[in-house]
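Worksheet: the structure to be examined is printed underneath.
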Ligand code: RFL
Ligand code: PHB
């Protein structure tokens, strides 16, 4: 085994090569800033994680500005609305008509990651996979440091700035002292059981389904690949859900009309994701800046997680470019407050939409009637539909 040490200097050290870290890396590199991205896992693992599917307009715009949208333009599915279903009775929310033309794009996070990694190779963006035991030091000084181990070698990276983009379970957030970091959290008593199957989707748009038996979501990745979710208990075991049981329960919740358009087939991915709302404040401490899931988590109902990671790094990228190009500190000093202002609105929307659509342990017959009445109100009110639509397509930065 190789043993040794290496010491390098970079302007920005980015921890984590998920959407937040990779996009920030591309953004800074476009401005000639010297960055390294340190990722604990390997490329295949990061690219293989099945996660988000819906990109807001702002996310698509950033990918376009970075010249990373070629495949997205070709393969992404533009959706100008979505369907809400209440105990099998469906109605449509027309985003484009309600918001002056805004749409969302269905393009899997896995595809985004593949595009970001491919472009990193051709553009010479330095991504180190397999960086183990990463530690962040001296963030309260002007020379923070990253230490990690790879292939038996201890590495030290001296930085001007560290960006913590290492997700909810990363190490960056813990580098903010407990007396400084304030956290806000809701853990939901249920999860989402998701499958992927190579069958055509039941509908041209997503169907968010509120049902007395629990929430369901009909989504997709392409014209031939479907992504379906069922609300399940938090500790649900995947082994208890053979495909037939999944399809049967899905069809019950979608109702007979949509169920008649569901094509069943073998699933090739099946996982349970827990649901959580979480915010850590502030998103900056000294020379450490948090972005994406490292700072906040939303339940997936509003399709906001990856999009929030992207709006964070758009703001952080602008602030760091001002800092390195002009020596201006207003941007980095204002980053946390600016990012959190948008984060909290997305947290509110995701929490509200989750509450409206799911069955909670305390959803008694009265509470269920309240959900059904609110959905009936949305169905009949252009104002209520506009509120939902403008949040779903993404609030301005
Ligand atoms: P990520 O993607 O978790 O990436 C963090 C990276 O950091 C690495 N890492 C470390 N590296 C070095 N040293 C350490 N100590 C490290 N610790 C961790 C990890 O290996 C990883 O590669 O965070 P990021 O970049 O902030 O991106 C966040 C998004 O991935 C997440 O918000 C979305 O996937 C959430 N999400 C959705 N978001 C949307 O915008 N639209 C959707 O439709 C949507 N659907 C979803 C979702 C998430 C889901 N799950 C599974 C939680 C659907 C689901 C089911
Ligand atoms: C998905 O396709 O994975 C997806 C779509 C919409 C959501 C969450 C997940 O709200």
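Residue numbers (my numbering): 293 to 689.
Ideal Cβ positions, reconstructed from N, Cα and C, are used throughout, including at glycine.
Cβ-based burial, residue i [other Cβ within 10 Å; buried from 16]
i: residue 298; result: exposed
i: residue 472; result: exposed
i: residue 479; result: exposed
i: residue 312; result: buried
i: residue 368; result: buried
i: residue 359; result: exposed
i: residue 684; result: buried
i: residue 515; result: exposed
i: residue 458; result: buried
i: residue 594; result: buried
i: residue 662; result: exposed
i: residue 288; result: The requested residue 288 does not occur in the structure, where the chain is confined to residues 293 to 689.
i: residue 495; result: buried
i: residue 635; result: buried
i: residue 559; result: buried
Cutoff 6 Å; reference residue i; Cβ partners in own chain excluding five residues on either side
i: residue 351; result: 599 and 602
i: residue 547; result: 380
i: residue 523; result: 482, 506, 507 and 650
i: residue 397; result: 347, 352, 368 and 370
i: residue 628; result: 574, 575 and 576
Rounded straight-line distance, which links the Cα of residue j to that of residue i
i: residue 425; j: residue 588; result: 23 Å
i: residue 555; j: residue 501; result: 17 Å
i: residue 317; j: residue 577; result: 20 Å
i: residue 382; j: residue 505; result: 16 Å
i: residue 483; j: residue 402; result: 21 Å
i: residue 321; j: residue 476; result: 34 Å
i: residue 441; j: residue 314; result: 21 Å
i: residue 539; j: residue 511; result: 14 Å
i: residue 390; j: residue 648; result: 21 Å
i: residue 328; j: residue 454; result: 10 Å
i: residue 536; j: residue 518; result: 16 Å
i: residue 659; j: residue 607; result: 39 Å
i: residue 446; j: residue 438; result: 11 Å
i: residue 637; j: residue 597; result: 12 Å
i: residue 666; j: residue 468; result: 41 Å
Cβ-heavy atom distance, residue i to ligand 4, below 8 Å
i: residue 596; result: You won't find ligand 4 in this model; what it holds is ligand 1 and ligand 2.
CA nearest to the CA of residue i, picked from the options
i: residue 486; options: 360, 470, 313 and 345; result: 345
i: residue 416; options: 348, 498, 449 and 319; result: 319
i: residue 452; options: 667, 300 and 296; result: 300
i: residue 325; options: 306, 341 and 457; result: 306
i: residue 533; options: 561, 499, 517 and 619; result: 561
i: residue 671; options: 370, 375, 333 and 296; result: 375
i: residue 410; options: 388, 434 and 362; result: 362
i: residue 586; options: 336, 462, 302 and 510; result: 462
i: residue 284; options: 527, 503 and 492; result: Outside the shown range of the chain, which is 293 to 689, sits residue 284, and nothing can be said about it.
i: residue 590; options: 406, 356, 642 and 446; result: 642
i: residue 460; options: 677, 570 and 333; result: 570
i: residue 609; options: 630, 592 and 596; result: 630
i: residue 526; options: 565, 499 and 496; result: 565
i: residue 404; options: 450, 372, 559 and 354; result: 354
i: residue 633; options: 689, 407, 343 and 392; result: 689
i: residue 563; options: 584, 531, 395 and 621; result: 531
i: residue 304; options: 621, 679, 620 and 612; result: 612
heavy atom of ligand 2 below 8 Å from residue i C-beta
i: residue 593; result: yes
i: residue 398; result: yes
i: residue 511; result: yes
i: residue 321; result: no
i: residue 247; result: Nothing about residue 247 can be read from this structure; the chain reaches only from 293 to 689.
i: residue 498; result: yes
i: residue 517; result: no
i: residue 384; result: no
Close Cβ partners of residue i (< 7 Å) along its chain, the five nearest in sequence each way excluded
i: residue 664; result: 378
i: residue 331; result: 308, 309, 338, 419, 420, 421 and 423
i: residue 656; result: none
i: residue 551; result: 543
Heavy atom of ligand 1 within 8 Å of residue i beta-carbon
i: residue 531; result: no
i: residue 600; result: yes
i: residue 521; result: yes
i: residue 461; result: yes
i: residue 436; result: no
i: residue 446; result: no
i: residue 440; result: yes
i: residue 410; result: no
i: residue 688; result: no
i: residue 401; result: yes
i: residue 457; result: yes
i: residue 337; result: yes
Same chain only: Cβ atoms within 8 Å of residue i, ignoring 5 sequence neighbours per side
i: residue 340; result: 402
i: residue 617; result: 323
i: residue 653; result: 481
i: residue 465; result: 456, 473, 572, 582, 586 and 587
i: residue 520; result: 486, 487, 489, 508, 509, 510, 511, 538 and 542
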